[in-house]
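Residue numbers (UniProt numbering): 1 to 83.
Just so you know, even glycine gets a beta-carbon here, dropped at the ideal spot from N, CA and C.
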């Protein structure tokens with residue numbers, strides 16, 4: 001999976017605010033910015049995780065596909081499966 005460019009932009013600022021919070025404390029404006037950045041980060045993280053899970057196919061030791069039907073249904077709706 002390639003790195004998400006949006007997360008790549010958010011993480012340095014989130015870390016910067018975290019370090020500042022520990023050392024000097026944050027202003028009200030910075031606290032609001034931190035909360036907003038965290039929301040954006042979590043939203044994007046969940047979208048990426050969902051996308052990864054939707055692409056998964058699960059096989060047992062004998063090589064038979066045992067992907068849960070719920071995941072198969074999502075894959076079919078997205079045109080990722082033929083069966």
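The continuous alpha helix (DSSP H) containing residue 17 extends over residues 5-23. For residue 48, the enclosing alpha helix (DSSP H) stretches over residues 28-54. For residue 72, the enclosing alpha helix (DSSP H) begins and ends at 69-77. A distance below 8 Å separates the beta carbons of residue 17 and residue 26. Remark: C-beta atoms of residue 66 and residue 58 approach each other more closely than 8 Å. Going by C-alpha positions, residue 60 is about 12 Å away from residue 68. About 19 Å separates the beta carbons of residue 4 and residue 34, which is beyond the 8 Å limit, so they are not a contact pair.
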